[in-house]
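Notes to accompany the following structure.
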Amino acid sequence: MKIKKPIIIILGEPNSVFTEILSKVLNKSSIKKKINYPIIIVGSKNLILSQLKKLKKKLNFTVIDIKFLKNNILKNKIYLIDKKYNFKYPFEPISKKSKNYLTECFKEGLKILNLNISNIIINGPISKKHFLQKKHPGITEYIFDKSKKKISKNPVMLIYNKKFSVSPLTTHIPLKDVYKKINKQTIIDNVSTIFNFYKSKIKKNPKIAILGLNPHCETQSKNNEELKIIIPAIKTLKKKNIKVYGPFSADTFFSKKNISTYDSIIGMYHDQVLTPFKTIFSFEASNITLGLPFLRMSVDHGPNETMIGKNKSNPKSLEEILKFVYYIK
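Just so you know, we're using this note's numbering here: the sequence shown kicks off at 2 and counts up by one.
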């Protein structure tokens, strides 16, 4: 019998609703039945226990260390690698201490991946403003930079739902800088990475749509990105036998007909595709980083400090992630 590699889950921001969501999802009977692989949570044991107590919830896990991982076959249950931090509160406010804690959690998770013990990592929500530096505009870029092995030049962010997915060519950068980052080769590389993901993981030959940068895909400016960059990239991709179409005007694209026609939609900037996608699917989505030898996923929402302790947080995004993991495993 083939032994399935464990899934790593980084607890994420201490001041977050993620423990609540994690306990809701992992205790759900329909999810429990499908989890036929070990789960390794990386985070503070004291923190998760104090949060569970505050929330009046339970989550059964066994505490292990990385030596145990190297020398033992894991059962299909939940484990925890304890990153020992003495937090004062169950939901620790963002501080230098919480930033250091997150760094250590990610280091541990990436170490497990680099040892080839696991091939999937999921992280809880992170306050990017406080955790990241200018070098890393988002967690997508942070994970990509910190990973020893890569299979593409740049990370590709894919927001995935089984009906369709979206991907911004540029991620967490100011709108005024977007045009500087758009070029033919980046479009070719990103679309090729998404195409390969669909072929290998979803077992599907995807139809991919590409949006223009300018309103109505036109401009009187000499620098017409549609004519000079996007259309030439599409022509090159078609020669590679990739089903790619466009450029389409973003303002009219997200109709029911187009959503049912295309598998993935490539936008030129973050909010161009994430705003309509989240309007349609809300939390029923997974944030996937492509371009790595392992699969990195995260919930498609932030720490949501305003909902902490209320037991009302929507667990749908994490549910979708685990369903997807079950599907591809």
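Think of the CB as a built atom: it goes at the ideal place given N, C-alpha and C, for glycine as much as any other residue.
| Asked | Found |
| --- | --- |
| Thinking C-beta only, is Ile-209 closer than 8 Å to Lys-244? | yes |
| Measuring only the C-alpha atoms, how far is Thr-262 from Tyr-328? | 22 Å |
| In chain order, what residues of the same chain have a beta carbon less than 7 Å from the beta carbon of Ser-299, not counting five sequence neighbours either side? | Ile-123, Asn-124, Ile-140 and Asn-288 |
| Please state if the CB of Gly-292 and the CB of Val-157 are separated by a distance shorter than 8 Å. | yes |
| Evaluate the contact criterion for the stretch 308-322 versus the stretch 21-36: three or more CB pairs, one atom per stretch, below 8 Å. | yes |
| Which of the three DSSP states is assigned to Gly-125 in this structure? | coil |
| Locate the beta strand (DSSP E) running through Gly-303, then write down its first and last residues. | Counting along the chain, Gly-303 falls outside any beta strand (DSSP E), and DSSP gives it neither H nor E. |
| Would you identify the three-state DSSP class for Asn-101, choosing helix, strand or coil? | helix |
| Do you know offhand how far Thr-331's Cα is from Ile-41's? | Missing from the structure shown is residue 331; the chain here goes from 2 to 330 and no further. |
| My output table needs one value for Pro-294: the three-state DSSP class, helix, strand or coil. | coil |
| Between Leu-60 and Pro-15, how many whole angstroms is the CB-CB distance? I'm expecting something under 8 Å. | Not really, about 16 Å apart at Cβ, beyond 8 Å. |
| Report yes if the CB atom of Pro-216 is closer than 8 Å to the CB atom of Ile-174, and no otherwise. | no |
| Taking a contact to mean a Cβ-Cβ separation below 8 Å, would you say Thr-194 touches His-271 in this structure? | no |
| Taking only the alpha-carbon atoms, compute the straight-line gap between Ala-234 and Leu-12 and give it to the nearest angstrom. | 39 Å |
| Do you know how far the Cα of Asn-162 is from the Cα of Thr-237? | 27 Å |
| Alpha carbon to alpha carbon, what distance is there between Ser-128 and Tyr-90? | 18 Å |
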